[in-house]
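Quick note on numbering: my numbering labels position 205 of the sequence shown as 973, and the sequence is numbered without any gaps.
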Amino acid sequence: MPTYYKKTHIVLHHTLTDRDTTTFEAVNNYHKNLWNFKSSLGYYIGYHYFITSDGKVYQGRNDWEIGAHCTQENKNYNGIGICLTGNFDNQQPSEAQKKSLKMLIKDLMAKHGIAKENLKFHRDYATYKSCPGNKIPKDFFDKILLTENNNQNKTMKIIRQNGGQDCYAIDKNNRRNLIVNWNTYERGIAMGLWGSEVEVVENLEQFPIGNIIILAPDN
Ligand SMILES: [Zn+2]
769 MPTYYKKTHI VLHHTLTDRD TTTFEAVNNY HKNLWNFKSS LGYYIGYHYF
819 ITSDGKVYQG RNDWEIGAHC TQENKNYNGI GICLTGNFDN QQPSEAQKKS
869 LKMLIKDLMA KHGIAKENLK FHRDYATYKS CPGNKIPKDF FDKILLTENN
919 NQNKTMKIIR QNGGQDCYAI DKNNRRNLIV NWNTYERGIA MGLWGSEVEV
969 VENLEQFPIG NIIILAPDN
């Protein structure tokens, strides 16, 4: 039986190699030679996720698995390692990388109940390193996650199932997008948001499932 580790943190890394030519296969081989530590998915890469400059997301390890990316403070056990190709001591992640990272982080936060303050850099634990690069500012995660078009959200209709707690924003494609709190990931907190009335509906299933909307602090 494999051991399942509860994940409470996300730890961001860079490869410290060329952003646009570094491949998943190259880093997977590099780590194979270093540790030969095979994941349940059949890869050797120490990160759970890997994002190339074209925005493609690779998964090297199941979320619940032990990683090999940050030896400090138990982070190989309770942290999900995400690595972007690039050397961000000298350059910036590509727009495609940032977009994919945002989607991935939102997804992982929702799946594992990871709080916003637990989005971390490798250098937060390995203080002798710059990883994920000096060009990645302290408020990088805030900036990434707040690129949501909040004005668009404000025009959405807010609904709640009769008797239910969760609130959803209905977008222009009629999908229901679960609204959660930015800091706590708490649900059911959309009353009176954006100046909108919450409409109570009898049948939530009439709206196909959309995304998760994280409420920004300035909302
Ligand atoms: Zn790192």
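A virtual CB, placed ideally from N, CA and C, is assigned to each residue, including glycine. Predicted model, so just to flag it, every value in this text is computed and none were measured.
Exercise for the section: Closer than 7 Å by C-beta to F818: which residues in its own chain qualify, once you throw out the five before and the five after it? Chain order, please. Expected result: Sequence-distant Cβ neighbours of F818 in its own chain, meaning closer than 7 Å and more than five residues away, are F792, V795, Y826, G828, C851.
Exercise for the section: Using only the heavy atoms of ligand 2, determine whether one of them is closer than 8 Å to the beta carbon of A894. Expected result: The ligand content of the structure shown is limited to ligand 1, which means ligand 2 is not among them.
Practice task
Pick out whichever of Y811, Q859, M924 has its Cα sitting closest to the Cα of A836.
Solution key: The option with the nearest alpha carbon to A836 is Y811.
Problem - Cβ shell of C838 (< 7 Å), same chain only, five flanking positions each side left out - result: Leaving aside the five residues that flank C838 on each side, the residues in its chain whose CB is nearer than 7 Å to its CB run, in chain order, V779, N844, G847, G849, H890, Y893, A894.
Exercise for the section: Could you check which residue in L872, R787, D788, T783 has the C-alpha nearest to that of Y798? Expected result: Of L872, R787, D788, T783, the residue nearest in Cα terms is T783.
Problem - Secondary structure, alpha helix (DSSP H): runs of 4+ residues fully inside the region 782-854 - result: For the region 782-854, whole alpha helix (DSSP H) runs of length 4 or above, ordered along the chain, are 792-803, 843-846.
Exercise for the section: Please determine, among I834, I926, R928, Q860, the residue with the shortest C-alpha to C-alpha distance to I912. Expected result: Closest by alpha carbon: Q860.
Problem - Host beta strand (DSSP E) of K888 (start-end) - result: For K888, the enclosing beta strand (DSSP E) begins and ends at 887-889.
Handout entry: Strand pairing of I904, partner residues [DSSP]
Key = The partner list for I904 (beta bridge, DSSP) is empty, contrary to what the question assumes.
Handout entry: Test item, CB below 5 Å from any non-hydrogen atom of ligand 1
Key = My final list is H781, H890, C899.
Exercise for the section: Report the partner residues of Y936 according to the DSSP bridge assignment. Expected result: Beta-bridge pairing by DSSP links Y936 to I927, L946.
Exercise for the section: For my contact list, S807 and E833 are in at a C-beta cut-off of 8 Å; report their separation, rounded to the angstrom. Expected result: About 6 Å separates the two Cβ atoms, so the contact holds.
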